[in-house]
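Below you'll find the structure, written out as structure tokens, and then a few comments.
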Amino acid sequence: MVSIHLYTRAALVSAFALVPALPIMAETEPETTDPIVINGGEIELPTAVPAPAHLDGVFDQIYSGWLFRDSETQAMQLDDFENPGMIFVDQGIDDWNAVEGEAGKSCASCHEEIESMKGVRAVMPKVNGNGELWSLEDYINDCRTNRMQAEALDWDGDRMKNLTAAISVQSRGMPMNVAIDGSAKPFWEKGKEMYYTRYGQLELACANCHEDHYGDWIRADHLSQGMTNGFPVYRLKQAALVSQHNRFRGCIRDTRAETFPMGSDEFRALELYVASRGNGLPVEGVSVRH
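Numbering-wise, the sequence shown is residues -26 to -1, 1 to 264 according to mature numbering (1 follows the signal peptide of the UniProt record, and there is no 0).
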């Protein structure tokens, strides 16, 4: 079950007992902040930008997770023909144009070419017209069920991940800019509370790794700041696209806690807060990670 306690230095030391070399509050900066130069200069993505105002006192700079990967993994993202995630983008575009459902429509029937989705990924998740916080997956399924009269896609299924990847690529290079005020504020505050809450038998919060120890090594993983501007990502460990909620589930599971379901209100709120920590970093489309 979930365990919620106030953060203490002693508890963190205990939780990281298996990694005694890990210093407290190390915050190791990347050695370089070279941009991601894709397709020989066709696209250039900054990897370090000033932290958003709401992180004042936490970070001065925020960094792409690309900086925390080894050179071989980084290289896969420098050419769309070498990026293993791009094949799924192509499949997502095929689904975008596929007629499906009783209404005899495709995504393109209403939205035309997928390029019309430029800018969408950069503001997700966001509050819909009914005051609900929706992820990109929710908008896709709403269109499918209400406009196409087709079946909803599984949140973490291949077709959904392919579509979100194809839509994300349309915003590649645009800065993340999720709203955290107005109707989004209560969801953002809930996500922030989750980010700093310690879970599971190991009593670890998201912040313990991605804020207190980014740049350090835990086992074979080089901890990043946990930015989500590259999702969905192609993860080498799974040889597949991985969604944000899948990654949230894995992190909470690794604390030896009972996790929340993908697509849950809890994970939507966490998605909003984590996305806001990366406001200003560019959408990377399909990034490549370990």
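Note that CB positions come from ideal geometry on N, CA and C, so glycine has one too. These numbers come from a predicted model, not from an experiment.
Alpha-carbon to alpha-carbon, residue j and residue i
{"i": "residue 332", "j": "Val260", "result": "Look at the range of the chain in this structure, -26 to 264, and you will see that residue 332 is not part of it."}
{"i": "Ser109", "j": "His219", "result": "10 Å"}
{"i": "Met201", "j": "Thr229", "result": "19 Å"}
{"i": "Gly165", "j": "Asn151", "result": "16 Å"}
{"i": "Ala(-1)", "j": "Leu52", "result": "Since pLDDT at Ala(-1) reaches only 47, below the 50 mark, its modelled position is unreliable, and the value read off the structure follows with that caveat. Using only the alpha carbons, I get a separation of about 30 Å."}
{"i": "Leu255", "j": "Asn120", "result": "33 Å"}
{"i": "His264", "j": "Ser217", "result": "14 Å"}
{"i": "residue 265", "j": "Met50", "result": "There is no way to answer for residue 265, as the model of the chain reaches only from -26 to 264."}
{"i": "Ala27", "j": "Asn71", "result": "40 Å"}
{"i": "Glu245", "j": "Tyr113", "result": "15 Å"}
{"i": "Ile192", "j": "Glu87", "result": "43 Å"}
{"i": "Lys100", "j": "Leu107", "result": "6 Å"}
{"i": "Phe234", "j": "Ala214", "result": "22 Å"}
{"i": "Ala179", "j": "Glu46", "result": "30 Å"}
{"i": "Thr6", "j": "Ala124", "result": "48 Å"}
{"i": "Asn13", "j": "Ile61", "result": "16 Å"}
{"i": "Asp195", "j": "Gly78", "result": "47 Å"}
Proximal residues to residue i (C-beta, below 8 Å), its chain only, five neighbours per side dropped
{"i": "Leu29", "result": "Ile36 and Arg251"}
{"i": "Glu56", "result": "Ala49 and Met50"}
{"i": "Thr2", "result": "Tyr188, Gly189 and Asp190"}
{"i": "Val63", "result": "Asn136, Ala139, Ala140, Val143, Gly259 and Val260"}
Proximity to residue i [Cα-Cα], best of the options
{"i": "Gln199", "options": "Ala139, Gly39, Val216 and Ser217", "result": "Gly39"}
{"i": "Ser83", "options": "Cys117, Gly156 and Val97", "result": "Cys117"}
{"i": "Val94", "options": "Gly224, Gly147 and Tyr188", "result": "Gly147"}
{"i": "Val97", "options": "Phe205, Val63 and Tyr188", "result": "Phe205"}
{"i": "Arg262", "options": "Ile226, Tyr170 and Asn203", "result": "Checking the displayed sequence, the identity of residue 262 turns out to be Val instead of Arg. Checked all of Ile226, Tyr170 and Asn203; the closest Cα to Val262 is Asn203."}
{"i": "Ala22", "options": "Leu41, His184, Tyr169 and Ala124", "result": "Leu41"}
{"i": "Ser157", "options": "Gly131, Gly103 and Thr138", "result": "Gly103"}
{"i": "Arg227", "options": "Glu167, Gly174 and Met122", "result": "Gly174"}
{"i": "Leu210", "options": "Thr138, Gly15 and Asp44", "result": "Asp44"}
{"i": "Ala231", "options": "Glu177, Pro24, Glu5 and Asp69", "result": "Glu177"}
{"i": "residue 345", "options": "Pro20, Glu16, Thr7 and Asp8", "result": "Outside the displayed span of the chain (-26 to 264) sits residue 345, for which this structure offers no information."}
{"i": "Met122", "options": "Pro24, Glu76, Gly15 and Glu167", "result": "Glu76"}
{"i": "Glu16", "options": "Gly78, Asp54 and Gly105", "result": "Asp54"}
{"i": "Met134", "options": "Val257, Tyr169 and Ile67", "result": "Ile67"}
Residue i, buried or exposed, once every other Cβ within 10 Å from all chains shown has been counted against 16
{"i": "Val207", "result": "buried"}
{"i": "Ser212", "result": "Before going further, note that residue 212 is Gln rather than Ser in the sequence given. Burial call: exposed."}
{"i": "Ala140", "result": "buried"}
{"i": "Trp162", "result": "buried"}
{"i": "Pro160", "result": "exposed"}
{"i": "Asp34", "result": "exposed"}
{"i": "Asn253", "result": "buried"}
{"i": "Ser142", "result": "buried"}
{"i": "Ile(-3)", "result": "Only weak support exists for where Ile(-3) lies, its pLDDT of 42 falling under 50; the coordinates are left without a value."}
{"i": "Asn182", "result": "buried"}
{"i": "Pro24", "result": "exposed"}
{"i": "Glu185", "result": "buried"}
{"i": "Arg172", "result": "buried"}
{"i": "Glu167", "result": "exposed"}
Residues that residue i bridges to, as DSSP identifies them
{"i": "Lys100", "result": "Trp108"}
{"i": "His264", "result": "None, per the DSSP bridge assignment."}
{"i": "Gln65", "result": "None; Gln65 has no bridge partner."}
{"i": "His196", "result": "Trp191"}
Contact set for residue i: own chain, Cβ-Cβ below 7 Å, skip 5 residues either direction
{"i": "Glu89", "result": "Gln144"}
{"i": "Asn115", "result": "Ala126 and Leu127"}
{"i": "Phe222", "result": "Phe241 and Leu244"}
{"i": "Asp8", "result": "Thr21"}
6 Å Cβ shell around residue i - same chain, five flanking residues per side excluded
{"i": "Trp129", "result": "Glu111, Met236 and Gly237"}
{"i": "Ser80", "result": "Asn71, Ala72 and Val73"}
{"i": "Ile154", "result": "Trp162 and Ser250"}
{"i": "Gln65", "result": "Asn136"}
8 Å Cβ cutoff, residue i in contact with chain C
{"i": "Ala22", "result": "The displayed structure is made up of one protein chain only, and chain C is not part of it."}
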